[in-house]
Amino acid sequence: MTRRTDRAGGTYLLLMTLAVLFAGPFVWLVLGALKKQSEWVAIPIHFLPEAPQWSNFTEAFTRINFLAYTGNSLFLSATYAVLVTFSSAAVGFGFARLKGPGKRPLFVVLLSTMMLPSILTLIPTYVLYARLGLVNTYWPWVLWGLAASPYLVFLFRQFFAAIPKDLEDAAIIDGCGYGRIFVRIFLPLSRPVLLTSFLLSFTWIWGDYLAPALLLDIDHTTLSVAITQAYRDPHGNYIPTVQAAAAALYVVPVMLIFFFTQRYFVRSVVMSGVKG
Amino acid sequence: MVVEKVRGAAPAGALPAGRDAPRPGRRWSRYSGRTFYLFVSPWVLGFLLLTVVPLGYAFAMSLTNFDGSSSLWRWVGLSNYRELLHDSAAWSSLARTLVYTAIVVPLSVAVALGLAVLLNRRLRAVGLFRTVFFLPSVVPVVATAIMWKLVFNRDAGLLNAILERLGLGTVTWLVDPTAFYALIILTLWGLGGGMVIMLAALQGVPVELEEAAVVDGASRWRVFWHVTVPMISPVIFFQVVTGVIMSFQVLVQPLLLAETNSIGAVTNVPPSTHLYMVQVYQEYFANQRFGYGSAMLWVFFVIILIITLLVQRSSRFWVYYEVDRDQKD
Chain Z
96 MTRRTDRAGG
106 TYLLLMTLAV
116 LFAGPFVWLV
126 LGALKKQSEW
136 VAIPIHFLPE
146 APQWSNFTEA
156 FTRINFLAYT
166 GNSLFLSATY
176 AVLVTFSSAA
186 VGFGFARLKG
196 PGKRPLFVVL
206 LSTMMLPSIL
216 TLIPTYVLYA
226 RLGLVNTYWP
236 WVLWGLAASP
246 YLVFLFRQFF
256 AAIPKDLEDA
266 AIIDGCGYGR
276 IFVRIFLPLS
286 RPVLLTSFLL
296 SFTWIWGDYL
306 APALLLDIDH
316 TTLSVAITQA
326 YRDPHGNYIP
336 TVQAAAAALY
346 VVPVMLIFFF
356 TQRYFVRSVV
366 MSGVKG
Chain B
12 MVVEKVRGAA
22 PAGALPAGRD
32 APRPGRRWSR
42 YSGRTFYLFV
52 SPWVLGFLLL
62 TVVPLGYAFA
72 MSLTNFDGSS
82 SLWRWVGLSN
92 YRELLHDSAA
102 WSSLARTLVY
112 TAIVVPLSVA
122 VALGLAVLLN
132 RRLRAVGLFR
142 TVFFLPSVVP
152 VVATAIMWKL
162 VFNRDAGLLN
172 AILERLGLGT
182 VTWLVDPTAF
192 YALIILTLWG
202 LGGGMVIMLA
212 ALQGVPVELE
222 EAAVVDGASR
232 WRVFWHVTVP
242 MISPVIFFQV
252 VTGVIMSFQV
262 LVQPLLLAET
272 NSIGAVTNVP
282 PSTHLYMVQV
292 YQEYFANQRF
302 GYGSAMLWVF
312 FVIILIITLL
322 VQRSSRFWVY
332 YEVDRDQKD
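In structure tokens, the structure reads:
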């Protein structure tokens, strides 16, 4: 008995230490966001702020047009998420329930594109879009959304494949086409997957840096680009405390989504990884 | 595994020809084939237009001296590729990427597995620990970089503050040569996704199997190595493959960790974190050599393809599929 508790004690100690290491940067960010600029550079380092400087947060709002950037981010993320969720659901439905020549090789190609580094196509895509006059518009995200995401297609396919066939047979006898079966039967059944897909794709675009940095100018860009470039004093130096406050605000939506939908989030990560 | 299920589906033409049941026939199968393509067309079109075309365009650009803006670009044949052969900066950035991958992938897979094993035990507050380790992996890369820049800061950073309190002196983290370690630490911090996947895999290992080995007198350590690890080796393998591909294309982290000038546009990435994609990025946007950058991208594409295939090939030596393979060693 004692041996067992000893072992558990050791595990706890190890886990606590690691937890402190993993949580450290978060804590430091929040502490930094609450410090005075003079405290931030004080020697020796002040671990805790003397008095929390909430004004850093208001400065984060006023030094740049924080709300406008938030609006851009929200608009882009939501547009992409809605489009990609429905296009991926349709493609997932096709792979799960329909037959057609060349379906198997197509699916293999789809799975291999999950492995293809997206960054390889991003820069040529940027050049192409520049020639087509799509730079500094939100059209690229619409196109990406319409094109479905292999990852989400896979998610939907797994879900749709598990639905009993009787359901669609009955509908076919009633004279339903596959379009109606998809919209009237499969989509309503897949609410949890739709939600997962929406949240995942929303956070992808919310967190993306490279695409908006390449494709959008500073006025039309997203929060993720804005907070890395603004927040400087007249000498061009960063104001770390205000930037920390902005970064903390920027992470809040992702954290909220994560905390309220932890199960969905974790399940989708697991599904993508244990497919073997 | 996925493909297996698809294989089970009968081809459209081979529907059972019931004598009295109305046979769907040719017309029906053609209809259903068309419906299939209608449904998957978003992805097929997207793949062709947004993946195949850009890759082809990059290849076409790589045969020119295009500078990104002027319309006076000239066909230069393979000379970009010839130049790349002798470009020591490109090759050393590739070597650095290989070293980075060779360190980060095994380390993060091992740590993720270790954490998963710890969190697979019946402990109090185990859910809380899982959340703490998983959370960093959902933080957007921009916030991650800002956070770690604050932690790595020379004068005001958390790490140096702790080192100083311990009397160990301070380190200039984001400058050479330690910038490389800083990048690795930042990467390892985000291994929570892998941990969750390993945890799910561990929970799929039948308890009876491990118990049987214990009854046979095997030590915990032996059970772990000879029962648990082989059982979850397909998942470990998947982690290695995706890990390799991801760490090959690391770009944003070194860019955002680097110091920026007052406009925030041009970055001075320290040499030790100047990975291959950073080099490509510089060729495109700092040097305005779109043709040359495209050649670099294409060579990289081929290298990634070869390495992925090699890793996939190696799987037969260490990924558990059959019982007798395990008994050989």
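For the record, the sequence lines run as chains Z and B.
Per my numbering, the very first residue in the first sequence carries number 96; after that it's consecutive.
Per my numbering, the very first residue in the second sequence carries number 12; after that it's consecutive.
We treat Cβ as the ideally placed atom computed from N, Cα and C, and that holds for glycine.
Please list, in chain order, the chain B residues whose beta carbon lies closer than 8 angstroms to that of residue i.
i: Z/GLN132; result: Here the premise fails: no neighbours, minimum Cβ distance about 10 angstroms.
i: Z/VAL364; result: GLY204, VAL207 and ILE208
i: Z/SER292; result: Here the premise fails: no neighbours, minimum Cβ distance about 14 angstroms.
i: Z/GLY119; result: VAL162 and LEU169
i: Z/PHE142; result: ALA172
i: Z/GLN338; result: ILE157
i: Z/GLY166; result: Result: empty, since nearest Cβ-Cβ is about 17 angstroms, beyond 8 angstroms.
Let's see if you can read the secondary structure: which residues bound the alpha helix (DSSP H) around residue i?
i: Z/ASN160; result: From DSSP, Z/ASN160 is part of no alpha helix (DSSP H); its letter is neither H nor E.
i: Z/ALA308; result: 305-310
i: Z/LEU291; result: The identity of residue 291 of chain Z in the sequence shown is Thr, whereas the question assumes Leu. Here the alpha helix (DSSP H) through Z/THR291 covers 286-302.
i: B/ALA193; result: 190-200
i: Z/TYR224; result: 213-227
i: Z/ALA266; result: 260-268
i: Z/ALA137; result: Z/ALA137 -> no alpha helix (DSSP H), and no H or E assigned at all.
i: B/ILE317; result: 301-329
i: B/ASN164; result: Note, B/ASN164: premise wrong, no alpha helix (DSSP H); not H, not E.
i: B/ALA236; result: Ala is not the amino acid found at residue 236 of chain B; the sequence shown has Trp there. Premise fails: B/TRP236 is in no alpha helix (DSSP H) and is neither H nor E.
i: B/GLY204; result: 203-214
i: B/VAL149; result: Run containing B/VAL149: none; DSSP gives neither H nor E here.
i: B/ASN298; result: Taken as a continuous stretch (DSSP letters only), B/ASN298 belongs to no alpha helix (DSSP H), as it is neither H nor E.
i: B/SER90; result: 90-96
i: Z/ALA256; result: 245-256
i: Z/PRO144; result: Counting along the chain, Z/PRO144 falls outside any alpha helix (DSSP H), and DSSP gives it neither H nor E.
i: B/GLN290; result: 287-292
Does any C-beta atom of chain B lie closer than 7 angstroms to the C-beta of residue i?
i: Z/ALA114; result: yes
i: Z/ALA243; result: yes
i: Z/LEU223; result: yes
i: Z/VAL125; result: no
i: Z/PRO219; result: yes
i: Z/VAL177; result: no
i: Z/ALA128; result: no
i: Z/LYS260; result: no
i: Z/TYR273; result: yes
Within 10 angstroms of the Cβ of residue i, are there 16 or more other Cβ atoms? Answer buried if so, exposed if not.
i: Z/ILE267; result: exposed
i: Z/LYS198; result: buried
i: Z/ASN332; result: exposed
i: Z/ASP328; result: exposed
i: Z/PHE117; result: buried
i: Z/ALA306; result: buried
i: B/ARG324; result: exposed
i: B/ALA113; result: exposed
i: B/GLN338; result: Caution is warranted here: a pLDDT of 41 is assigned to B/GLN338, below 50, making its placement in the model unreliable, and the coordinate value is therefore given only provisionally. Burial call: exposed.
i: Z/GLY274; result: exposed
i: B/MET72; result: buried
i: B/ALA100; result: exposed
i: Z/ALA343; result: buried
i: B/ILE317; result: exposed
i: Z/PHE142; result: exposed
With a threshold of 7 angstroms between beta carbons, is residue i in contact with chain Z?
i: B/ILE247; result: no
i: B/GLY44; result: yes
i: B/PHE140; result: yes
i: B/TRP236; result: no
i: B/GLY57; result: yes
i: B/MET158; result: yes
Would DSSP call residue i helix, strand or coil?
i: Z/GLN357; result: helix
i: Z/ARG327; result: strand
i: B/GLU270; result: strand
i: Z/TYR233; result: coil
i: B/THR155; result: helix
i: B/THR75; result: strand
i: B/TRP102; result: helix
i: B/ASN279; result: strand
i: Z/TRP123; result: helix
i: B/TRP84; result: coil
Could you tell me which chain B residues have their CB closer than 7 angstroms to the CB of residue i, listed as they occur along the chain?
i: Z/PHE170; result: Chain B residues near Z/PHE170: none, gap ~17 angstroms exceeds 7 angstroms.
Which chain Z residues sit within Cβ distance under 7 angstroms of residue i?
i: B/GLN299; result: Residues of chain Z passing the Cβ test: none, with the nearest at roughly 12 angstroms.
Mind listing the chain Z neighbours of residue i? Cutoff is C-beta to C-beta under 8 angstroms, in chain order.
i: B/MET288; result: ILE214
i: B/GLN293; result: Chain Z residues near B/GLN293: none, gap ~12 angstroms exceeds 8 angstroms.
i: B/GLU175; result: PRO139 and ILE140
i: B/VAL143; result: ALA114, PHE117 and ALA118
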